[in-house]
Amino acid sequence: MISTEDIIKIASFFSIIAHTPGRLRVRVNPKIKDSGGNITIADIENLPNKIEGIISIKINKIIASVTIMYDPKIFSPKLWEDLIKNQNIEELTQLINKLAKEVI
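In terms of this note's numbering, the sequence shown opens at residue 706 and continues consecutively.
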C-alpha cells in the first residue's frame, strides 16, 4: 500500500516538464531508485485505482518521465504544482485522504 506520505516523498523526485489542466508531465530524478524506499512502479501505476480524480499514470522508464492525467475539477493544477514544490502539504494531505477510494 502507498501512503500519503509516500506520495509526497515520491513527488520530491519530480520536476515539471509540462503542465496543462488535466495533464501533468514530470521528469523523475534517478535518485528515486536509492531513496524511494519500498515503493514500486506498480504502486505508482496503481494510484488511479486508489485516489479519485487521478485518471491515469503512464511511466516512461527510457526517458525517466511520468505523465499524470487527472480531473482538474477535483485536483486544481495549483495543487499539483504545490506537491512538486513541496508546498501546502497539509492541504494536499487532507485532500488525498478525502479522495482515497480505500484506506491508504
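We put the CB at the ideal spot given by N, CA and C, even for glycine.
Could you check whether residue j and residue i sit closer than 9 Å to each other, using their CB atoms as the reference points?
{"i": "Gly777", "j": "Pro735", "result": "Looking at the sequence provided, one finds Pro at residue 777 rather than Gly. The answer is no: Cβ separation not under 9 Å."}
{"i": "Leu800", "j": "Ile773", "result": "no"}
{"i": "Asn791", "j": "Ile713", "result": "yes"}
{"i": "Ile744", "j": "Ile789", "result": "no"}
Which residues in the same chain as residue i place their Cβ atom closer than 8 Å to its Cβ, once the five residues preceding and following it in sequence are excluded?
{"i": "Leu784", "result": "Asn793, Glu796, Leu797, Leu800"}
{"i": "Lys806", "result": "Asn754, Lys755, Ile756, Glu757"}
Determine whether the Cβ of residue i lies closer than 9 Å to any Cβ atom of chain D.
{"i": "Ile767", "result": "In the structure shown, chain D cannot be found, because there is only a single protein chain."}
Can you give the Cα-Cα distance for residue i and residue j, rounded to whole angstroms?
{"i": "Ser781", "j": "Lys763", "result": "20 Å"}
{"i": "Asp819", "j": "Ile760", "result": "With the chain represented from 706 up to 809, any question about residue 819 goes unanswered, as that position is not in the structure."}
{"i": "Leu804", "j": "Ile756", "result": "5 Å"}
{"i": "Pro753", "j": "Ile767", "result": "22 Å"}
{"i": "Phe719", "j": "Arg732", "result": "6 Å"}
{"i": "Ile779", "j": "Ser740", "result": "30 Å"}
{"i": "Asn802", "j": "Gly758", "result": "12 Å"}
{"i": "Ile737", "j": "Ser717", "result": "9 Å"}
May I ask you to report which of helix, strand or coil DSSP gives residue i?
{"i": "Ser740", "result": "helix"}
{"i": "Asn765", "result": "strand"}
{"i": "Ile713", "result": "helix"}
{"i": "Ile779", "result": "coil"}
{"i": "Val808", "result": "In this predicted model, Val808 has a pLDDT of only 48, less than 50, meaning its place in the structure is not dependable; the value taken from the coordinates is given anyway. Looking at Val808 - three-state DSSP - the assignment turns out to be coil, as it is neither helix nor strand."}
Spatial neighbours of residue i within its chain, please: CB distance less than 6 Å, with the 5 preceding and 5 following residues excluded, ordered by chain position.
{"i": "His815", "result": "Residue 815 lies beyond the range of the chain shown here (706 to 809); nothing can be said about it."}
{"i": "Asp787", "result": "Asn793"}
Which residues in the same chain have their Cβ closer than 7 Å to the Cβ of residue i, if we skip the five residues on either side of it in sequence?
{"i": "Glu750", "result": "Ile762, Ile764"}
{"i": "Ser770", "result": "Ile722, Arg730, Val731, Arg732, Val733"}
{"i": "Ile746", "result": "Ile764"}
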